[in-house]
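Okay, so here's the structure we're looking at.
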Amino acid sequence: MGHLIDGKEIARQIKEELKEEVQGLKEKGMQVCLAVIQVGDDPASTVYVRNKKKACEYIGIGSKSFDLPGTASEEELVSLVESLNQDPEVNGILVQLPLPKHIDEDRIIRTISPDKDVDGFHPISVGRLWIGEKGFLSCTPAGIIQLLKRSGIQMEGRHCVIVGRSNIVGKPMAALLLRENATVTVTHSRTRNLPKVTRTADILIVAMGKERFITSEYVKDGAVVIDVGMHRDAENRLCGDVDFADVEPKVSAITPVPGGVGPMTIAMLMNNCVETVRC
Ligand code: GUN
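Per numbering that gives the first Met the number 0: the sequence shown = residues 0 to 278.
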């Protein structure tokens with residue numbers, strides 16, 4: 000039986016710590032404010048945006064909402080981001096992705112000032128991460144590092160295998176694990192004999208976007224398994240990229256879905272917002 004890594008509880012602890020810190024900052028006259036931009040009305044984005052604003056409210060971070068219609072032009076969005084870059088009352092800017100197809104996402108990400116890039120998506124933030132300079136960290140991988148640290152799981156010297164090479168999870172995850180002195184392998188859809196590689200992992204991080212793909216055959220006895228996936232199965236139940244029932248008896252620790260990595264992403268976004276005003 001593997002130990003269950005309780006992301007909901009760890010995220011709660013982080014939010015409590017941030018709430019206290021924000022209170023202290025307010026007493027010194029410092030405010031934190033996040034601008035949240037949503038373009039269109041994608042239902043999943045609406046839920047994410049609502050949860051982010053709720054977390055801000057709980058912690059004591061101000062938030063400003065900008066809801067643009069799905070027909071808004073790229074130029075309109077660029078102008079809005081540029082005005083928020085200049086707004087001294089706004090510390091962080093978040094443009095909820097995905098954007099409508101007629102808008103160039105990369106251009107929008109590059110328009111956000113790297114000093115307000117709380118998602119950590121700007122190429123300057125990415126570069127800072129890889130060379131070990133201070134900067135905003137992509138929220139999901141930063142949350143996974145916190146899950147491991149706060150569960151007392153050692154990363155230094157251990158073999159971490161990442162499944163998936165996205166800009167949002169797989170690649171920044173590799174950089175963060177290297178920073179923790181882990182040995183890192185990044186696998187992807189073209190990797191040959193994937194189970195052979197994943198079975199060498201002391202810590203296996205799965206962010207491939209395929210429902211219950213990782214079965215016990217992919218996992219070494221006693222490994223730690225972190226599941227970044229989020230799907231609704233045919234019975235409308237939430238599940239991850241890992242076949243939890245099959246893998247769990249074999250591991251030393253594992254994250255559930257829901258209640259594992261998911262809650263950490265918003266907690267780390269809140270941390271990035273507070274980071275904008277830390278000395
Ligand atoms: N859409 C899905 N996840 C994210 C995220 O972490 N940040 C933003 N901006 N959009 C998203």
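All C-beta atoms, glycine included, are put in the ideal place defined by N, C-alpha and C.
Check: Determine, using beta carbons only, whether residue 141 and residue 267 come nearer to each other than 8 Å.; Outcome: yes
Check: At 4 residues or longer, what runs of the alpha helix (DSSP H) sit wholly inside the region 97 to 152?; Outcome: 104 to 110, 122 to 130, 138 to 149
Check: Mind checking which residues open and close the alpha helix (DSSP H) that includes residue 45?; Outcome: 42 to 58
Check: Between which residues of its own chain and residue 138 is the CB-CB distance below 6 Å, once the five residues before and five after are set aside?; Outcome: 264, 267, 268
Check: Straight-line CA distance for residue 42 to residue 48?; Outcome: 10 Å
Check: Any chance the CB of residue 93 is under 7 Å from a heavy atom of the ligand GUN?; Outcome: yes
Check: CB residue 134 to CB residue 124, shorter than 8 Å?; Outcome: yes
Check: I'd like to confirm something about residue 138: is its beta-carbon nearer than 7 Å to some heavy atom of the ligand GUN, or not?; Outcome: yes
Check: May I have the straight-line CA-CA distance separating residue 86 from residue 121, to the nearest angstrom?; Outcome: 19 Å
Check: Excluding sequence positions up to five away, which residues of its chain have a Cβ less than 6 Å from the Cβ of residue 272?; Outcome: 31, 33, 60, 91, 117
Check: In the DSSP assignment, find the unbroken alpha helix (DSSP H) run with residue 279 in it and report its ends.; Outcome: Any property of residue 279 remains undetermined from this structure, which presents the chain solely from 0 to 278.
Check: Answer yes or no: the CB of residue 110 versus the heavy atoms of the ligand GUN, is any distance below 7 Å?; Outcome: no
Check: Do the region 190 to 204 and the region 220 to 230 touch if we need at least three Cβ pairs shorter than 8 Å?; Outcome: yes
Check: Within a Cβ cutoff of 6 Å, which residues of the same chain sit near residue 214, ignoring the five residues on either side of it in sequence?; Outcome: 242, 245
Check: Out of curiosity, what's the CA-to-CA distance linking residue 79 and residue 3?; Outcome: 43 Å
Check: In angstroms, rounded to a whole number, what distance separates the CA positions of residue 260 and residue 229?; Outcome: 10 Å
Check: Using only the heavy atoms of the ligand GUN, determine whether one of them is closer than 7 Å to the beta carbon of residue 47.; Outcome: yes
Check: Cα separation between residue 238 and residue 12?; Outcome: 24 Å
Check: Residue 71: buried (16+ other C-beta within 10 angstroms of its C-beta) or exposed?; Outcome: buried
Check: What is the residue span of the beta strand (DSSP E) that residue 185 lies within?; Outcome: 182 to 186
Check: With DSSP run on the structure shown, which of helix, strand or coil describes residue 37?; Outcome: strand
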